[in-house]
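Chemist: In my numbering, the protein residues as written are 1 to 487.
Each residue gets a CB set at the ideal place from its N, CA and C atoms; glycine is no exception.
Remember, it's a predicted structure, so these values are computed and weren't measured experimentally.
The structure's right below; bear with me while I get my questions together.
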RNA sequence: GGCCCCAUCGUCUAGGCUGGUCUAGGACACCGCCCUUUCACGGCGGCGACACGGGUUCAAAUCCCGUUGGGGCUACCA
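This is the structure:
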């Protein structure tokens, strides 16, 4: 049994797109599931659109996603690896040309001297008259004549045979195409550069790719590729054309949209394992029914192409949020803590003033509440900066009422009386005060929260007060009391 | 225009191949209740779909045809 070899072949003409990431992920997961090899190949033949900066950007995307490859070119900071290289298409031109010329020599391709204008005119006429395009006259040219004129400007076209082409697709089933729909396509440009179709086929064959898993925008192209595989005497790989990723409106996920760049999700506080989990679910259903939450390792074990979906799916941010929250909750506290500290630091807060134990407590208190890592900022900013303003609504409800000042005064006294300051002692003190005065706990908690944080929502009050410390808490309470006097 | 692919709750989907067990199951979102100092988490419940039209059949979400809608290809881009 030959081992599985699959690949992702991105064109480094921008950042790592979410759609490319899906295809990479499916290939990668499939390779990992089967114990096969995952190859990265850069399709950088279009020099105008390729840029080393994009190579770096894409590498960052893959790295963050934790999608690693077994063979590939030097990519970003990664060194090259693999024996079937080079893995940059631009360095494989000679191989492509060799294949093209071989087809020419075998009479399976021909030199075409038609002008672009004539070709365009015929294409237009054919469309208007609702007929297939006429065969190019060069097709009938004596190969010897073509050989003679080879210094003239020309392209090399593949001679599509008559009949039908069938592509066996893992996802789409067998797709049959009338070869008349595929007119003799160009395989070598006038400057000798290969066209995409030739390059992929040659590279996939030479790199011994067994499974071509890619977007269904290539489904029609697959017929051309199969023809080329056959003509070149290469074994056809197994094809699987996956639906592309749609945005929330059901349109193709545009490059311009926020979230199109995989790193947007990193910057927005998402976990790579959550994104991977989500995207995998976007086109694959676990055999185990009613299960959605998977770690990367679990995904690698469960992933099966029998359950790949044929229909396109929209990207639903809300569901990703939920999954992200689930993954955050599943995270080891120490790991979560490290990520949260980094985010707070990045937000400009002086994290050095707190110690490790303090952050451990903060993490413990917030782990259940986060759906994205970045939410830690709004959840805990008041620990790092003074409360300078109070939310309007809770001020009205808690402070702009009869007896608010008296209550605050009582609460301050109550706090002052707490000797060993922590969540339990403070809570006990509040309970005691409540019993004494007959005021409900909620009536005391909310004004206190407002004074300590300026907000109406946040971590548990006693927990956050513990974290804030007695002194700071009291200072803020007194400040709140002063504020009440101005109302 | 031609050709190809797709079509179940708002969204992701199960079921379809091997019609009856589907008055269509789950998840997210939404709504309500419970838990609760807030928010979140968790628990319970609710709302909510087989695109449309024909056909085959005793019986169709499931099979066939058509229509509509969406996507793709139709390059000397990848």
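(1) Going by DSSP, what residue range makes up the alpha helix (DSSP H) through residue 127?
(2) So, is residue 487 buried or exposed, given that buried needs 16 or more other C-beta atoms within 10 angstroms?
(3) Would you mind giving the Cβ-Cβ distance between residue 99 and residue 212, rounded to the nearest angstrom? I have them listed as a contact below 8 Å.
(4) For the putative contact between residue 260 and residue 18, defined by C-beta atoms under 8 Å, what is the C-beta separation to the nearest angstrom?
(5) Just to confirm my understanding: we take residue 66, look at its own chain, exclude 5 residues before and 5 after, and list those with CB closer than 7 Å. What are they?
(6) For residue 61 and residue 25, which I take to be in contact (beta-carbon distance under 8 Å), what is that distance rounded to the nearest angstrom?
(7) Quick check: what's the CA-CA separation for residue 5 versus residue 286?
(8) Comparing alpha-carbon positions, which option in 208, 110 and 125 lies nearest residue 117?
(9) For residue 14, does the three-state DSSP call read helix, strand or coil?
(10) Which residues in the same chain have their Cβ closer than 8 Å to the Cβ of residue 23, if we skip the five residues on either side of it in sequence?
(11) Considering Cα atoms alone, identify which of 181, 156, 448 and 403 is closest to residue 130.
(12) CB residue 382 to CB residue 454, shorter than 8 Å?
(13) By how many angstroms is the C-alpha of residue 458 removed from the C-alpha of residue 449?
(14) So what does residue 331 bridge to, in DSSP terms?
(15) Run through DSSP, which three-state label would residue 183 get?
(16) Any idea what DSSP makes of residue 401, helix, strand or coil?
(17) Use the C-beta contact count for residue 473: other C-beta atoms within 10 angstroms, 16 or more gives buried, fewer gives exposed.
(18) Give the DSSP bridge partners of residue 111, in chain order.
(19) Could you name the residues of the same chain whose beta carbon sits closer than 8 Å to that of residue 169, not counting the 5 residues immediately before and after it, in chain order?
Modeler: Here's the rundown:
(1) 116-128
(2) exposed
(3) About 17 Å; that fails the 8 Å criterion.
(4) 6 Å
(5) 272 and 296
(6) Between residue 25 and residue 61 the Cβ distance is about 11 Å, and since that is not below 8 Å, they are no contact.
(7) 23 Å
(8) 125
(9) coil
(10) 8, 213, 214, 215 and 242
(11) 181
(12) yes
(13) 8 Å
(14) Residue 331 pairs with nothing; no bridge assigned.
(15) coil
(16) coil
(17) buried
(18) 156
(19) 175, 219, 222, 239, 240 and 241
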